[in-house]
Amino acid sequence: MKRSLIGRIWPNATAVVLFVGFVFPVYWMFATAFKPTGDIITDDPVWFPTDVTFEHFKKAVNADNFWTLVLNSVTVTVSSVVISLVIALFAAFALARMRFKGRRGLIVTFMLAQMAPWEVMIIAIYMIVRDSDMLDSLIPLTVFYTMMVLPLTILTLRGYVAAVPKELEESAMVDGCTRAQAFRKVIFPLLAPGLMATSLFGFITAWNEFPLVLILNKANEKQTLPLWLSQFQTAFGDDWGATMAASSLFALPILILFIFLQRKAVSGLTDGAVKG
Amino acid sequence: MSVQTEGTDTAGKPAVRKARVPAPPRGADGASRASSRRGAGVPYLLLLPALLATVILLGWPLVKNGMLSFQNLNPRQLIQHLTEWNGFANYREVLTEAEFWHVVERSVFFTAANVVLIMGAGTLIGLLLARLGKKMRLTLLVGLVLAWAMPVVAATTVYQWLFAQRFGVVNWVLDKLGWHSMADHNWLETQFSTFAVVTLLIVWMSVPFVAINLYAATTTIPRELYEAASLDGAGAWKSFTSVTLPFLRPFLYSTTFLEVIWVFKSFTQIFAMNEGGPDHLTETLPIYAYVQGVGNQHFGVGAAISFLTILALLIITSYYLRMVLKQEEDEL
């Protein structure tokens, strides 16, 4: 189909404008983080950092408790993702491979659970945690983050388990494996990419969680990075260089993971389209 | 909010779901039925941990929320661990307060504005993606993915900086464009402009999910349909309304519901931006519940507000799930 010159130009022009619009905030975060303060506080913005400085990163990293909070965030995120993966693997196997009464109902339950409004449940959770004397602890955070990522982990893993050909498992059992062995030796290795993808999504959820840690952990050394970052700008009195450096440090792991993951997801989509 | 992480939800996207979650092979049923005769309890045993976790960590807080909403729970009762039931007093207080209805109205308008913008922009960008050449499409996809991936709190701080009163880049641009009164504008000073910044933030981070999945959905439309349409003499617009749109309709419906749910319960963007300020004027229901319950230490009242919000969300969610389940009945 032939298109007029304008017809060919406007989609590209719009795409360029949109690209700039979507990327600019991310770019500006990194750019500000690397600029010397003199280039940040100017009447005319410096669009491209020419003098690169690491001063702001130093300031963010040397902030009180920074490494404690990194450790808190990593601990909470990794443990909740691992625990939910283990629990979900059993559940997903049952849901994908077995027929039993109430199966459909359970799947719907997990779908519903996935949509749970955690943001609005924080008062009740606060009372529960307080009554068990667990405020300012990483355990309740880990436990509830596990639950936040569990339903999606189950539903996604169920798809990955179902995608492993039943025959592989059966031939392993013919060769003398028990069902548990067949699962461990045949299905599990094939599930590895699925486990990776699923856990990365869980990782993002737990790493970003804000309302619950806001209400549960008031003690400075028991917080996680999102809470720290939200208070950073106030604490450092409008030091935008340091604030953007802190934001960059917080966002970088997620940006890398997400881009890595999204490529797989998108290519998966198109594969699916071809295969129908 | 996990907004980007919310992007991971697969239930709402027929196209994604088909690709990532293939239906179990048909032959599986017979074999597993045979083996389940031997161990009928096995599936339940495997599901037990997940079910226990759901009941204790999700079910119990929901029940607890309901119970709290019928209690008089202020700092005194909190400190002395007293349980004072007060019937519907919290609900009476909440529902007769003009402030609550203002918040409800605000939440509805806020949600509506955001969802309309997200769906509108997301659909247009998704269709644009389908029309672009390969290189340009990849470029735009990278931009969208970056915005999608930005952690909420990081994105909120960046927007605070973009819209900062002094040295903020937005004010500089507006000033250069000739709107000189904006040179030193404080965006977080009024209700409307604070909402404008929050809305831009939410739309910016939510559009990629809609656009990318809509684009993916368009790639699943069989080419033959377009050929048939053009053989029948349909123009570009006609083939759009008679082929593209009907094909995308289920996706558009379910995504709209999903966005309504996500925007309605959004907490982090509003709270981290300005804590519901100026003067409580940007408090939506989740923020209002938090401020009343935790900020003012009226936990019972806060729980009542939460419970009403949860009920509203539950109704929307069940409509959404009914729709999704109807769309993929064969997959369960």
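Chains as they are written, first to last, in this note's numbering: chain U, 3 to 278; chain Y, 343 to 674.
We treat Cβ as the ideally placed atom computed from N, Cα and C, and that holds for glycine.
Through-space distance from residue j to residue i, alpha-carbon basis
i: residue 194 (chain U); j: residue 492 (chain Y); result: 26 Å
i: residue 203 (chain U); j: residue 561 (chain Y); result: 24 Å
i: residue 151 (chain U); j: residue 207 (chain U); result: 7 Å
i: residue 365 (chain Y); j: residue 629 (chain Y); result: Residue placement at residue 365 (chain Y) is poorly supported in this model, since its pLDDT is 43, which falls under 50; the coordinates still yield a value, given next. Cα-Cα distance, rounded: 40 Å.
i: residue 523 (chain Y); j: residue 44 (chain U); result: 19 Å
i: residue 584 (chain Y); j: residue 566 (chain Y); result: 13 Å
i: residue 436 (chain Y); j: residue 641 (chain Y); result: 12 Å
i: residue 244 (chain U); j: residue 442 (chain Y); result: 39 Å
i: residue 663 (chain Y); j: residue 108 (chain U); result: 13 Å
i: residue 597 (chain Y); j: residue 554 (chain Y); result: 12 Å
i: residue 30 (chain U); j: residue 457 (chain Y); result: 26 Å
i: residue 46 (chain U); j: residue 517 (chain Y); result: 11 Å
i: residue 487 (chain Y); j: residue 468 (chain Y); result: 13 Å
i: residue 501 (chain Y); j: residue 186 (chain U); result: 47 Å
Local conformation of residue i per DSSP, three classes
i: residue 413 (chain Y); result: strand
i: residue 521 (chain Y); result: coil
i: residue 503 (chain Y); result: helix
i: residue 49 (chain U); result: coil
Residue interval of the alpha helix (DSSP H) (run including residue i)
i: residue 58 (chain U); result: 57-63
i: residue 466 (chain Y); result: 440-473
i: residue 168 (chain U); result: 168-176
i: residue 233 (chain U); result: 227-237
i: residue 80 (chain U); result: 68-99
i: residue 528 (chain Y); result: Element bounds for residue 528 (chain Y): n/a, residue is neither H nor E.
i: residue 678 (chain Y); result: Outside the shown range of chain Y, which is 343 to 674, sits residue 678 (chain Y), and nothing can be said about it.
i: residue 601 (chain Y); result: 587-606
i: residue 19 (chain U); result: 7-36
i: residue 41 (chain U); result: 39-42
i: residue 579 (chain Y); result: 578-581
i: residue 110 (chain U); result: 105-116
i: residue 629 (chain Y); result: 627-632
i: residue 133 (chain U); result: 124-133
i: residue 435 (chain Y); result: 431-437
i: residue 615 (chain Y); result: 610-616
Below-8 Å beta-carbon distance, residue i vs any chain Y residue
i: residue 210 (chain U); result: yes
i: residue 121 (chain U); result: yes
i: residue 1 (chain U); result: The question about residue 1 (chain U) has no answer here: the residues shown for chain U are numbered 3 through 278.
i: residue 145 (chain U); result: yes
i: residue 67 (chain U); result: no
i: residue 126 (chain U); result: yes
i: residue 191 (chain U); result: no
i: residue 34 (chain U); result: yes
i: residue 184 (chain U); result: no
i: residue 195 (chain U); result: no
Interface flag, residue i vs chain U, CB-CB below 8 Å
i: residue 392 (chain Y); result: yes
i: residue 551 (chain Y); result: no
i: residue 425 (chain Y); result: no
i: residue 670 (chain Y); result: no
i: residue 592 (chain Y); result: no
i: residue 433 (chain Y); result: no
i: residue 461 (chain Y); result: no
i: residue 473 (chain Y); result: yes
Under 8 Å between C-beta atoms of residue i and residue j
i: residue 35 (chain U); j: residue 247 (chain U); result: yes
i: residue 249 (chain U); j: residue 227 (chain U); result: no
i: residue 395 (chain Y); j: residue 148 (chain U); result: yes
i: residue 542 (chain Y); j: residue 497 (chain Y); result: no
i: residue 504 (chain Y); j: residue 51 (chain U); result: no
i: residue 213 (chain U); j: residue 141 (chain U); result: no
i: residue 416 (chain Y); j: residue 639 (chain Y); result: yes
i: residue 157 (chain U); j: residue 112 (chain U); result: yes
i: residue 223 (chain U); j: residue 70 (chain U); result: yes
i: residue 648 (chain Y); j: residue 122 (chain U); result: yes
i: residue 425 (chain Y); j: residue 495 (chain Y); result: no
i: residue 463 (chain Y); j: residue 545 (chain Y); result: yes
i: residue 620 (chain Y); j: residue 92 (chain U); result: no
i: residue 96 (chain U); j: residue 388 (chain Y); result: yes
i: residue 385 (chain Y); j: residue 102 (chain U); result: yes
i: residue 166 (chain U); j: residue 192 (chain U); result: yes
i: residue 163 (chain U); j: residue 94 (chain U); result: yes
Residue i CB to nearest heavy atom of the ligand FAD below 7 Å
i: residue 52 (chain U); result: The model depicted lacks the ligand FAD and carries no ligand whatsoever.
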